[in-house]
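First residue of the sequence shown: 3, per our numbering; consecutive thereafter.
Everything below concerns the one structure shown next.
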Amino acid sequence: MTKKLSDDKGYNYDKYKKELKNFKKVEKENKAVGQVFTKGLLPLYVLQILSISPTNGNDIATQIGKKTNGLWIPSTGGIYPLLKKFEKENLVEGRWDDRNNKMQKIYTITESGKKDLEERKQLLKQNIEEALKVFNIVYKDLYE
3 MTKKLSDDKG YNYDKYKKEL KNFKKVEKEN KAVGQVFTKG LLPLYVLQIL
53 SISPTNGNDI ATQIGKKTNG LWIPSTGGIY PLLKKFEKEN LVEGRWDDRN
103 NKMQKIYTIT ESGKKDLEER KQLLKQNIEE ALKVFNIVYK DLYE
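Shown next as structure tokens:
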């Protein structure tokens, strides 16, 4: 026999455990969706932005936020480690700049980075197209 614990207001411990489990499941699903953006799209999009013009990590986050109408604003805590990784892989070059008496590192895509960008675009294009088709089907089934 399972002992049910409850407080003086009748709140059940088993109910609490069940709600906590559901919360953790939703949190895990949200994290998985976030990883699609940070692991797949963010590296591609950072290189794309740098292929247009040199800039810093803060500006990259701002540009992504503007381009996505504020629906996706990646943290600089994800962008700067990515830029550092790209720098080690010779995909970008970083140089310190003292614009307006404010030291910041400006990143420029290298020729190797441009080649890598094109390869990433080709590799992810089909995956993105398939994901969009799946999202459209599910959306129609659920909401139309």
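Note that the Cβ used here is the ideal one computed from N, Cα and C, for glycine as well.
Exposed unless 16 or more other CB atoms sit within 10 angstroms - verdict on residue i
i   : result
P45 : buried
G72 : exposed
Separation of residue j from residue i, as counted between CA atoms
i    : j    : result
A63  : K69  : 10 Å
D61  : N138 : 31 Å
I130 : T110 : 26 Å
P83  : D16  : 42 Å
T57  : I108 : 5 Å
Q65  : E113 : 22 Å
G59  : Q124 : 25 Å
Neighbourhood of residue i by C-beta distance below 6 Å, restricted to the same chain and skipping five residues each side
i   : result
V38 : Caution is warranted here: a pLDDT of 48 is assigned to V38, below 50, making its placement in the model unreliable, and the coordinate value is therefore given only provisionally. Hits under 6 Å: none found.
Given residue i as reference, the closest of the options once Cα atoms are compared
i    : options              : result
S53  : I108, G96, L119, G72 : L119
L126 : D143, N102, L43, I51 : L43
T78  : E91, L93, K104, V48  : V48
Simplified DSSP state of residue i, which is helix, strand or coil
i   : result
T64 : helix
E21 : helix
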